[in-house]
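Written out below as C-alpha cells is the structure these notes cover.
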Amino acid sequence: MHSQVIAKQELAAFVENLLRQGEVVGVRRKDGKYVFDKIGSPGELCLDYDVTVLSPKEYFLPQREAFLKFELAEAIKAEPITQAQRRIILGVHPYDIKAIQLMDAVFSKDNPDPNYFRKREAATIIGVDCLNPSPHAFCASVGTATAESGFDLLLTDIGAEYVVAIGSAKGEELLQKHAKTRDASDGDLSKGKTARDEAARKYQLSAPVSLDQIPRLLEENYDHPLWEELAQKCLSCGSCTMVCPTCVCFDVQEDVALTLTTGERYRQWDSCLLEDFAKVATGENFRQHRSTRLRHRYFRKGKYMMERFGIQGCVGCGRCITACLAEIASPVDTYSRLKGGS
Amino acid sequence: MKPKVAFFDFTGCEGCQLEAINFEQELLDIISAVDIVNFREAMTERSDDYDIAFIDGAISTERDIARIKEIRGRAKILVPIGACACIGGINCLKNFYSMDEALKIVYGDDAKYYDTIPARPIDAVVPVEHYVRGCPMTQSEFLKVVKALLQGKRPDIPNYPVCVECKMAGNVCVFEKGETCLGPVTRAGCGALCVSNGRICWGCRGLVDNPNADSEKEILKKHGLSVEQVLSRFRMFDGYSEVAK
Ligand code: SF4
Ligand code: SF4
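In the order they appear, the protein sequences are chains A and B. Going by the working numbering, the first sequence opens with residue 1, and the numbers climb by one from there. Going by the working numbering, the second sequence opens with residue 1001, and the numbers climb by one from there.
Structural data, given as C-alpha cells:
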C-alpha cells in the first residue's frame, strides 16, 4: 500500500469531481451533532468530526428495504429486488470501517446476502482518521482507532495537507483520475503517524479488560445481579442498538396492497432490546425480561461475535453511551462493574 | 363479499374521521375494497348493519356509554381511531378536576343543562379488537389495519418506543438538544413525526405494552422537570393511564 498527499484546497476540487461521478455521502453538521448524509458541495463536508449519530451501516443495510415483490394472481409470482446505488461514502472513521468489515463477515456467512453485497460492491469507501475522538469513545483500547484495510482511500489530516493511504485499485484509480496529488515522503508518513498517535492519547475512556478476556468475564457473570440492576432502568427503547455500527438484526414483514393482488416483502432494523424481538407466533417470548434482553446485547458484542466470527462485536465508538438516556448501555462501565464484582 | 364499514364519532374534534377521508392515493382503493355504510363526515345514508366499526372520540357522558355498547353489539370488529378513542387523549385533562368544576369552567351558568363523566377511552367501556393510534390517527396505521382485516390477519402494530423510529430517522435526540421527550415510553408507528420536525414527543400514540415509566420519570427529573411537570407531561394525552396518576 503506498500513499499520496493531497493539499486541502485540492481536496475540495477532488470532491467536486466525485460529485460529478454520482452520489456522494459525507458527514455534515446537524443540530450541533454530525450525521452521514448526501452532500451537494464540498463546503458541506465535515472531516474533523468526532462521531456521527448513526453509523454508515444504513448504506449497506437500509432502515427499511424491500427485497421481494410478488403478485397474487392465479399463479403466485415473486421476484427478488436487489437494488444498489453507486455511491461514494466519504469521511468514514476507522472504527466504522472495522464495523463494516464485521458486517461483511456476518452477511457472507453460510448464505451470502445479495442485497447487502450489491450495495457493498457499489460503494467506494473513503475513510478519514479520527483525530478528535468523542468523549464516549474507547477505540484506542480495542484496536479500532486506526485501520489498515477495509477502505478504498483513507485520509489523515497533517495540517495543510492530507496523507491519502490507498487501500484498493478502485481507490487508486479514483485518485489518479480526479485528484491532484503528490507521492508521500517518509516525512509525510511520519506526520500522519504522529497525528494518529496524538489522537490515541485523547481517548477519555478505555476498555477495562483486554478483548480476549471479555468472553470469559461474561461467561462467569451470566447470573450476575448487575443485569437485573441495569434492567430496572432500561427503557427497552433499542437506541443502543439502532446507533450501533455492528448491530445488524432485522425483522421481515410483508406489505400487501389494498387490492390484495400485489405486495412486497421487506426487512427493517430490529433490536434485541425490544420487548417483541424474541416473541414467536404462539405468543411465547424467549427473552421476556428486560434483564435477559439487556444481557444478551452484551453477550452478543463481547462473546458470541468473537466465537462465531473471531471478531469483536464492539468497535468502541461509544454511540450507545451517548444514546442511552438511562446511562446503562456503556460497555466500559458494564465490564468494569463485572470485573470489580467477580 | 366486501366488509361493511361504519364510522362513529364520540367526544373529540373529528379530525381522525377527516384523516380517513383525506387519503389521496388510496381513497379509491379503500372504497372499492370495503362498503362504507355509515360515515357522518362524508355521507348522509345511515345503516345499522355493519361488520367493522371505526370509532373516534372518547367516552365522556352516560349517553356515550349506552351508545358505544349498542355499536359494540352490532359490530364484529371494533377499532378505536385516534388518541381520544384509543387512550382518552386530551379529554382526560378534565379528569383532574371535579366534574362540577369542569362543567362550570366550560359552560358557566349553563352548566346545569349538561351532564358529564370522567373521560375514558373506548376500551374502558367495551372490548375492542385493534387500535389506530395518534393525534390525529396515523394514516399509514389505518391502512395497515384495513389491509390486515381484509386479509383476516392481525395487524402488526409496533410495540416499541418512538426512539426506535427516531433513531432510524437519524434525528439528534431531543435530550441532547437540552429538551425532554416522552418518546422512550410512547408507542412508535408515527415515524417520529414530531421530533423529525423539530418538536418533542408528547405521547399522543399512548404507551408501549410495558413502558418503564419509572425510569422515564427519573430521566425527565434528571433533565430538569419537577414531579408536577413530569406528571403534566403524561397527562397531556395519557391522563387516563396509571402513569399519569
Ligand atoms: S456497543 Fe456501543 S461502543 Fe460498541 S460498537 Fe456498538 S455503539 Fe459502539
Ligand atoms: S440499554 Fe439504554 S439505550 Fe439500550 S434499550 Fe435500555 S435504555 Fe434503551
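All C-beta atoms, glycine included, are put in the ideal place defined by N, C-alpha and C. Here the structure is a predicted model, which is why all the values come from computation and not from measurement.
Please identify the residue among the options whose C-alpha is closest to the C-alpha of residue i.
| i | options | result |
| --- | --- | --- |
| A:R267 | A:E121, A:E65, A:V25 | A:E65 |
| A:W269 | B:E1024, B:G1170, B:G1183 | B:G1170 |
| A:V164 | A:T181, A:L218, A:P135 | A:T181 |
| B:S1196 | B:C1163, B:R1133, B:V1185 | B:C1163 |
| A:L258 | B:A1066, B:D1029, B:V1145 | B:D1029 |
| B:E1165 | B:K1245, B:A1033, B:C1190 | B:C1190 |
| A:Y162 | A:D255, A:V142, A:D183 | A:D183 |
| A:V142 | A:D157, A:D188, A:V209, A:H289 | A:V209 |
| A:D197 | A:E172, A:I158, A:Y59 | A:I158 |
| A:F36 | A:R20, A:V15, A:Y59 | A:Y59 |
| A:L154 | A:V128, A:R295, A:C314 | A:V128 |
| B:F1008 | B:F1023, B:D1064, B:K1094 | B:D1064 |
| A:K109 | A:P331, A:D333, A:R308, A:I328 | A:R308 |
| A:P62 | A:Q85, A:P133, A:K193 | A:Q85 |
| B:Y1054 | B:G1198, B:M1168, B:E1141 | A small correction: the amino acid at residue 1054 of chain B is Phe; Tyr does not occupy that position in the sequence shown. The shortest Cα separation from B:F1054 among B:G1198, B:M1168, B:E1141 belongs to B:E1141. |
| A:H289 | A:T82, A:E228, A:I311, A:Y298 | A:E228 |
| B:K1076 | B:K1112, B:S1215, B:F1175, B:K1004 | B:K1004 |
So who's on the other strand from residue i, going by DSSP bridges?
| i | result |
| --- | --- |
| A:R28 | A:V35 |
| A:H165 | Rather than His, the amino acid found at residue 165 of chain A in this sequence is Ala. Answer is A:S3, A:L154, bridged to A:A165. |
| B:T1011 | B:A1058 |
| A:D255 | A:E264 |
| A:A66 | A:Y266 |
| A:M285 | According to the sequence provided, residue 285 of chain A is Asn. The question's Met does not apply to it. According to DSSP, A:N285 bridges with A:K279. |
| B:N1038 | B:A1006 |
| A:T292 | Answer is none; A:T292 lacks a bridge partner. |
| B:I1052 | B:V1005, B:I1077 |
| A:K77 | A:E71 |
| B:P1161 | B:R1187 |
| A:A123 | A:R87 |
| B:R1120 | B:I1059 |
| A:E23 | A:R87 |
| A:L54 | For A:L54, which the question treats as bridged, DSSP gives no partner whatsoever. |
Label residue i either buried or exposed according to how many other C-beta atoms from any shown protein chain fall within 10 Å of its C-beta, with 16 as the threshold for buried.
| i | result |
| --- | --- |
| A:I321 | buried |
| B:I1021 | exposed |
| B:P1136 | buried |
| A:Y116 | buried |
| B:L981 | Here chain B covers residues 1001 to 1245 and nothing more, so residue 981 of chain B does not appear. |
| B:K994 | This structure cannot speak to residue 994 of chain B, because chain B is shown only from 1001 to 1245. |
| B:Q1017 | buried |
| A:P112 | exposed |
| A:Y335 | buried |
| A:R295 | buried |
| B:Q1151 | exposed |
| A:G340 | exposed |
| B:H1130 | buried |
| A:T246 | buried |
| A:K8 | exposed |
How long is the line joining the alpha carbons of residue i and residue j, rounded to whole angstroms?
| i | j | result |
| --- | --- | --- |
| A:V92 | B:I1081 | 44 Å |
| B:I1219 | B:I1157 | 26 Å |
| A:S190 | A:L131 | 15 Å |
| B:Y1097 | B:V1125 | 21 Å |
| A:G43 | A:S55 | 21 Å |
| A:L218 | A:L338 | 8 Å |
| A:T292 | A:L235 | 13 Å |
| A:A123 | B:V1172 | 26 Å |
| B:K1002 | B:V1037 | 11 Å |
| A:M306 | A:R300 | 9 Å |
| B:D1035 | B:R1074 | 16 Å |
| A:I41 | A:I88 | In the sequence on display, residue 41 of chain A carries Ser and not Ile. If you take the alpha carbons of A:S41 and A:I88, they lie about 14 Å apart. |
| B:S1232 | B:G1239 | 8 Å |
| B:N1095 | A:I126 | 58 Å |
| B:R1187 | A:R319 | 23 Å |
| B:D1048 | B:I1105 | 37 Å |
| B:D1209 | B:N1159 | 6 Å |
| A:G50 | A:H136 | Inspection of the sequence shows that residue 50 of chain A is occupied by Asp rather than by Gly. Between A:D50 and A:H136, the C-alpha separation is close to 10 Å. |
| A:R201 | A:G192 | 15 Å |
| B:I1068 | B:K1245 | 26 Å |
| A:S271 | A:F286 | 14 Å |
| A:A73 | A:P80 | 17 Å |
Taking 6 Å as the cut-off, is the beta-carbon of residue i closer than that to any non-hydrogen atom of ligand 4?
| i | result |
| --- | --- |
| A:T334 | Judged by which ligands are present, ligand 4 is missing from the structure shown, whose ligands are ligand 1 and ligand 2. |
I want to know whether the segment 1114–1121 of chain B touches the segment 1050–1069 of chain B - three or more CB-CB distances under 8 Å. yes
Across the segment 95–111 of chain A and the segment 275–292 of chain A, are there enough close Cβ pairs to call them in contact, namely three or more that are closer than 8 Å? no
Do the segment 197–205 of chain A and the segment 257–265 of chain A make contact, defined as three or more Cβ pairs closer than 8 Å? no
Would the segment 238–249 of chain A and the segment 316–333 of chain A be scored as touching if the rule is three or more Cβ pairs under 8 Å? yes
Is there contact between the segment 213–230 of chain A and the segment 18–29 of chain A, where contact requires at least three CB pairs shorter than 8 Å? no
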